[in-house]
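K.L.:
For reference, the structure I am asking about is given below.
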Amino acid sequence: MVGRLLVSQFRTCISEPVPQILDAARYLDAAVTAHLQGKRGLAEELIRAADMPEIYSWLKPIWAKSEAHLVAPLKHGQLAVPKELRVKARMPTTEEKLKIHQRDGYSCRFCGMPVIRPEVRVGMARTYPATVRWGRREAEQHSAFQAMWAQYDHVVPHAKGGTNDLENIVLACAACNFGRGGYSLEEVGVSDPRERSASRGSWDGLERFLRG
Numbered sequence: 001m002v003g004r005l006l007v008s009q010f011r012t013c014i015s016e017p018v019p020q021i022l023d024a025a026r027y028l029d030a031a032v033t034a035h036l037q038g039k040r041g042l043a044e045e046l047i048r049a050a051d052m053p054e055i056y057s058w059l060k061p062i063w064a065k066s067e068a069h070l071v072a073p074l075k076h077g078q079l080a081v082p083k084e085l086r087v088k089a090r091m092p093t094t095e096e097k098l099k100i101h102q103r104d105g106y107s108c109r110f111c112g113m114p115v116i117r118p119e120v121r122v123g124m125a126r127t128y129p130a131t132v133r134w135g136r137r138e139a140e141q142h143s144a145f146q147a148m149w150a151q152y153d154h155v156v157p158h159a160k161g162g163t164n165d166l167e168n169i170v171l172a173c174a175a176c177n178f179g180r181g182g183y184s185l186e187e188v189g190v191s192d193p194r195e196r197s198a199s200r201g202s203w204d205g206l207e208r209f210l211r212g
């Protein structure tokens, strides 16, 4: 490809989520409701139902190799900033993360997928260790919690001059974050998610599990 991509050619995300992810989100949301009602057996069944092999099959090739998603030659991306001139990389504080979740509607700003903080997953795993699987190997992890794993993505990567300001950080799912890696949006042909409104709905990231 010669020259830069036209704006109209940019996609919103690395790969559109498979429909099973929204089904899994509904199961998990219902599981938390059942848990809070004291129906732990039902909650466990719903959590197990959300662990769909189709989700893992979709996710695995996306985050396996970020360079596979390049659509523009590297020379057309933003040039890397010398290390001595970069802002020191820093992840958001717990308070900042909560602000990001509230601002972005507990959903990936790229593909719109509902996301879940690791703290919520860990809390649920303590109560339902048999069904909220999270082993060392990817194949040993609950597919929905894996795909919906909340990430804090720097829109402009640190290596390309990005800052730690919250305006440069958006909520992302595992696929959109790891799929892009350290490449610029231009290099992977993805549009700036900040140019679109955040998703707004009833999804709360299952946060009420921790509050209950």
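For the sequence shown, the residue numbers in UniProt numbering are 1 to 212. Just so it is clear, CB atoms sit at the ideal spot from N, CA and C, and this is done for glycine as well.
Kindly indicate which three-state DSSP category Pro114 falls into: helix, strand or coil?
P.N.:
In the structure shown, Pro114 sits in a strand (DSSP, three-state: E or B).
K.L.:
Report the residue from Tyr27, Cys111, Ala144 and Ala24 whose alpha carbon sits nearest the alpha carbon of Val170.
P.N.:
Val170 has its Cα closest to that of Cys111, out of Tyr27, Cys111, Ala144 and Ala24.
K.L.:
Mark Met148 as exposed unless 16 or more other C-beta atoms lie within 10 angstroms of its C-beta, in which case mark it buried.
P.N.:
That one is buried.
K.L.:
Between Leu46 and Ala30, how many whole angstroms is the CB-CB distance? I'm expecting something under 8 Å.
P.N.:
About 5 Å; that satisfies the 8 Å criterion.
K.L.:
Along the chain, where does the beta strand (DSSP E) that runs through Ile169 open and close?
P.N.:
Its beta strand (DSSP E) spans residues Ile169 to Ala172.
K.L.:
Alpha carbon to alpha carbon, how far is Glu195 from Ala175?
P.N.:
Between Glu195 and Ala175, the C-alpha separation is close to 20 Å.
K.L.:
At the level of alpha carbons, what is the spacing between Leu6 and Ser197?
P.N.:
Residue confidence is low: Leu6 scores 45 on pLDDT, short of 50, so the model does not pin down where it sits. Its coordinate-derived value is still stated next. Taking the straight line joining both Cα atoms gives about 22 Å.
K.L.:
Does DSSP classify Trp134 as helix, strand or coil?
P.N.:
Three-state result, Trp134: strand.
K.L.:
Taking the C-alpha atoms as reference points, what is the distance between Pro17 and Leu98?
P.N.:
If you take the alpha carbons of Pro17 and Leu98, they lie about 24 Å apart.
K.L.:
Cα separation between residue 280 and Glu167?
P.N.:
Look at the range of the chain in this structure, 1 to 212, and you will see that residue 280 is not part of it.
K.L.:
Considering residue 232, what are the terminal residues of the beta strand (DSSP E) in which it resides?
P.N.:
The structure shown does not extend to residue 232, since the chain spans only 1 to 212, so no value can be given for it.
K.L.:
Where do the ends of the alpha helix (DSSP H) carrying Asp23 lie?
P.N.:
That run of the alpha helix (DSSP H) goes Gln20 to Leu36.
K.L.:
Can you give me the C-alpha to C-alpha distance between Glu187 and Ile116, rounded to a whole angstrom?
P.N.:
Taking the straight line from one Cα to the other gives about 27 Å.
K.L.:
Starting from the C-beta of Trp63, find all residues in its chain whose C-beta is less than 7 Å away, skip the five residues before and the five after it, and write them out in chain order.
P.N.:
Only Ala174, Ala175, Phe178 and Gly179 meet the Cβ criterion.
K.L.:
Straight-line CA distance for Ser143 to Ala50?
P.N.:
Going by the C-alpha atoms only, they are around 8 Å apart.
K.L.:
Based on DSSP bridge pairs, tell me the residues matched to Val190.
P.N.:
Val190 is bridged to Arg11.
K.L.:
Check whether the segment 123 to 143 touches the segment 50 to 60, taking contact to mean three or more Cβ pairs, one atom from each stretch, closer than 8 Å.
P.N.:
Because the criterion of three Cβ pairs below 8 Å is met, the segment 123 to 143 and the segment 50 to 60 touch.
K.L.:
Between Pro157 and Gly182, which are expected to be in contact by the criterion C-beta below 8 Å, what is the C-beta distance as a whole number of angstroms?
P.N.:
That pair is a contact at about 5 Å.
K.L.:
In three-state terms, what does DSSP make of Ser107?
P.N.:
In this structure, Ser107 counts as strand in the three-state DSSP scheme.
K.L.:
Within 10 angstroms of the Cβ of Val32, are there 16 or more other Cβ atoms? Answer buried if so, exposed if not.
P.N.:
Label assigned to Val32: buried.
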